[in-house]
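As numbered in mature numbering (1 follows the signal peptide of the UniProt record, and there is no 0), residues -19 to -1, 1 to 311 make up the sequence shown, in order.
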Amino acid sequence: MKKNILAVLLSAALAGSMAGCATKEKPSGDLQKITFVLDWVPNTNHTGIYVAKEKGYFEAAGLDVEIVQPPEDGAEMLVGAEKAQFGISAQDGLMPALIGDNAIPVEAVAAVVQHNTSGIISRKGEGMERPKGLEGKKYATWDKDLEKAMIKNVMEEDGGDFSKVELIPSTVTDEVSALQSKSVDAIWIFYGWTGIASKVADFGTDYFAFKDINSTFDFYTPVIIGNTNWMEKKPDATKAFLSAVKKGYEYTIDHPEEAVDILCKAAPELDKELVAASQKYLNEQYKAEVEQWGYIDPDRWNGFYNWVSENGLSETKISENTGFTDDYLE
């Protein structure tokens, strides 16, 4: 769902910022050149990537990695066209790239965090701490079929009626400000950034997570994706890249304060107080209960796509184990 926010934010916040958000490249020599495209503005989902670059893990693995901002249509098309070898996406956003006549050669190779941290945020005390409370309220929508189907599902699970929600086309670029101004009542967010931002701003909110209402919605977001053809031709480089990224995230977990400094150095436009608070939250999410950073559970991956297919939200049925692999993780 992030790419729906992306087009608005890029025009407002990213003009001319690419050079400032990526760390300087060293002479490549014989290093394998890799372009890595983000999914959004730099944030704590990306910290491990910037740490891996700053600490020299990529170079030590024989790689020259450039981190770039995404186009308006997201990272998937750039990676699919092999203009970038790797990037950031999400299981829900990746789905259109995997099916139908317009399928492109991309697949997820690692989970950045283990669980879906997205849900609905609202002003505190207005009855929207549970899905049924959205009845009669203004929800800022991207007008996507999957988005609306998920909200309808969790509302019905809670005894609510989705038809009673007032859908407002989303132009939100600052969720906390939008709630404060009362232009909308409820917004889909990722708690690790916007939920934490509301706390930093000392603005009272209520929140419910999709995965807490329906476990099928505990899909993988965000994920690292790669170009399937490139990875098949260069399996060693792919494994080396993911090993360096894994090392970056593990260093972030062990050294959060230094990791915050590294991210803010790469993206000085970020609010350091927010970054530090968000980093503290996400450090518990990167690996959660699993031992290996990046692991993707086939049952959870397939379960979400099965629900999508069963509810007529994809052009064709999505086959088992489509769109991901754990084979390059070590």
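From the three backbone atoms N, C-alpha and C, an ideal C-beta is built for every residue, glycine too.
Around the CB of Asn302, fewer than 16 other CB atoms lie within 10 Å, so the residue is classed as exposed. In the three-state reduction of the DSSP assignment, Ile243 falls in the helix class. Within the same chain, Cβ atoms closer than 6 Å to the Cβ of Pro237 are found at Gln260, Asn264, the five residues on either side in sequence being excluded.
A direct Cα-to-Cα measurement between Lys105 and Asp155 gives close to 17 Å. Under DSSP, Phe67 takes part in a beta bridge, and its partners are Phe17, Gly207. Annotated three-state conformation of Trp169 is strand, per DSSP.
Only exposed fits Val271, as fewer than 16 other CB atoms lie within 10 angstroms of its CB. Exposed is the label assigned to Asp235, since fewer than 16 other Cβ atoms lie within 10 Å of its Cβ. Of the residues assessed, Ser179 falls on the buried side of the cut-off, its CB having 16 or more other CB atoms within 10 angstroms. In the three-state scheme derived from DSSP, where H, G and I count as helix and E and B as strand, Ile80 is classed as coil.
Per the DSSP secondary-structure output, Asp187 pairs in a beta bridge with Ser103.
In this structure, the CA atom of Met109 is about 13 Å from the CA atom of Asp142.
Straight-line measurement puts the Cα of Thr233 at about 17 Å from the Cα of Leu251. Counting along the chain, the unbroken alpha helix (DSSP H) around Asp217 starts and ends at 216 to 235. Burial of Thr219 is indicated by the presence of at least 16 other C-beta atoms within 10 angstroms of its C-beta. Lys214 counts as exposed, since fewer than 16 other C-beta atoms from the protein chains shown sit within 10 angstroms of its C-beta. Contact annotation: Asn97 and Phe191 have beta-carbon atoms nearer than 8 Å.
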